[in-house]
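*Asks:*
Here it is, written out as structure tokens:
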């Protein structure tokens, strides 16, 4: 299934006013379980840093929702957000200027080539690495671009069904993925190969999260791929499923999972 056509439709709707864009970000924060996990890690990293100048790279910024969250945490933080999609970069720059957040800049960049030696205290990469074949090259660029002691935070699918693949004969649910997910040891080894001194990885999307993902994301996306008329029905669908997803998301974020279809990975220079 391709997400890009649906993303373009969503962008057209929510880019009409800054208010609608904020509403969109808030909806993503509530619906996307990966956001719950990433926000938790960002709050932990921010301890003792909110009043200090920090340079952050949002590597693969997409709609800009994580940059919005981080720039709202501290005005002293400066964020460079990069993505390969010119339209999204332009839309994000316009929105952030409209709301008066001047501590961020969005730029077009290819992460396989992008490297700014010892420039960042934190690099965030959410749902990006499963789209890039040359992952070790990107990890090396990240390591080189971090300041000593800096941290890389990654959210990505695991090989335990992260792209909705559960058998060898199945293909990724999301056609843009170049891999169906990382083995937890594989990504740890690749990050160490790239020069990181310490790596920690844990599973997300355990059993509660997998059910939540199907309710809040998979089934709506499948419906929208059939016909855009389902946009009209979505509010009624979420009215029924949203309370269930909230409970499941809370359980997933606050539990420890022996396995899961997602990975949260932290690596330090």
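Numbering (UniProt numbering), first residue to last: 1 to 269. Ideal Cβ placement from N, Cα and C applies to all residues, glycine included.
Once DSSP output is grouped into helix, strand and coil, what is the label at residue 200?
*Replies:* Residue 200: strand per DSSP, three-state reduction.
*Asks:* Do residue 34 and residue 255 have their beta-carbon atoms positioned less than 8 Å apart in this structure?
*Replies:* No, they are not a contact pair.
*Asks:* What three-state label does DSSP hand residue 269 in the structure shown?
*Replies:* Correct three-state label for residue 269: coil.
*Asks:* Evaluate the contact criterion for the region 35-50 versus the region 101-120: three or more CB pairs, one atom per stretch, below 8 Å.
*Replies:* Counting Cβ pairs under 8 Å, fewer than three are found: no touch.
*Asks:* Measuring straight from C-alpha to C-alpha, what distance separates residue 105 and residue 121?
*Replies:* About 16 Å.
*Asks:* Would you check if the region 240-254 and the region 121-131 touch, i.e. whether three or more CB-CB distances between them fall below 8 Å?
*Replies:* The region 121-131 is not in contact with the region 240-254.
*Asks:* Per DSSP, residue 77 is paired with what?
*Replies:* 54.
*Asks:* Quick one, which of 202, 253, 51 has its alpha-carbon nearest residue 185's?
*Replies:* With distances taken between Cα atoms, residue 185 lies closest to 202.
*Asks:* Quick check: the region 43-54 against the region 67-84, are there 3 or more CB pairs under 8 Å?
*Replies:* Short answer: they touch.
*Asks:* Residue 143 and residue 260 - do their beta-carbons sit closer together than 8 Å?
*Replies:* For residue 260 and residue 143, no; Cβs fall outside 8 Å.
*Asks:* Is there contact here, the region 133-140 with the region 178-197, by at least three beta-carbon pairs under 8 Å?
*Replies:* Touching, per the Cβ criterion.
*Asks:* Please state whether DSSP places residue 230 in a helix, a strand or coil.
*Replies:* It is helical.
*Asks:* Is residue 123 closer than 8 Å to residue 59 when the C-beta atoms are compared?
*Replies:* Yes, they are a contact pair.
*Asks:* DSSP puts residue 182 in a beta bridge; with which residues?
*Replies:* Beta-bridge pairing links residue 182 to 158.
*Asks:* So for residue 149, helix, strand or coil by DSSP?
*Replies:* The answer is strand: DSSP assigns residue 149 an E or B state.
*Asks:* Report buried or exposed for residue 219, applying the criterion of at least 16 other Cβ atoms within 10 angstroms of its Cβ.
*Replies:* So residue 219 counts as exposed.
*Asks:* Tell me which residue opens and which closes the beta strand (DSSP E) that residue 126 is part of.
*Replies:* First-last of the beta strand (DSSP E) with residue 126: 120-126.
*Asks:* Among all the DSSP beta bridges, which residues are the ones paired with residue 105?
*Replies:* For residue 105, which the question treats as bridged, DSSP gives the partners 80.
*Asks:* Spell out the partners DSSP gives residue 255 in its beta bridges.
*Replies:* Looking at the DSSP assignment, residue 255 forms no beta bridge with any residue, so it has no partner.
*Asks:* Starting from the C-beta of residue 266, find all residues in its chain whose C-beta is less than 8 Å away, skip the five residues before and the five after it, and write them out in chain order.
*Replies:* If we look at residue 266 and ignore the five residues flanking it on each side, its Cβ neighbours are 41, 151, 152, 153, 154, 199, 200, 201.
*Asks:* Within its chain, find whatever has a CB closer than 7 Å to the CB of residue 16; leave out the 5 residues flanking it on each side and keep chain order.
*Replies:* Excluding residues within five positions, none has a Cβ falling inside 7 Å.
*Asks:* Exposed or buried, which one is residue 171 when buried takes at least 16 other CB atoms within 10 Å?
*Replies:* Because the pLDDT at residue 171 is just 44, under 50, the model does not fix this residue reliably, and the value given afterwards should be weighed accordingly. Exposed, because fewer than 16 other Cβ atoms sit within 10 Å of the Cβ of residue 171.
*Asks:* Using DSSP with H/G/I as helix, E/B as strand and the rest coil, what is residue 263?
*Replies:* It is a strand residue.
*Asks:* Tell me which residue opens and which closes the alpha helix (DSSP H) that residue 63 is part of.
*Replies:* It is not in any alpha helix (DSSP H) - residue 63 carries neither H nor E in the DSSP assignment.
*Asks:* Below 8 Å between beta carbons: does that hold for residue 269 and residue 197?
*Replies:* Yes, they are a contact pair.
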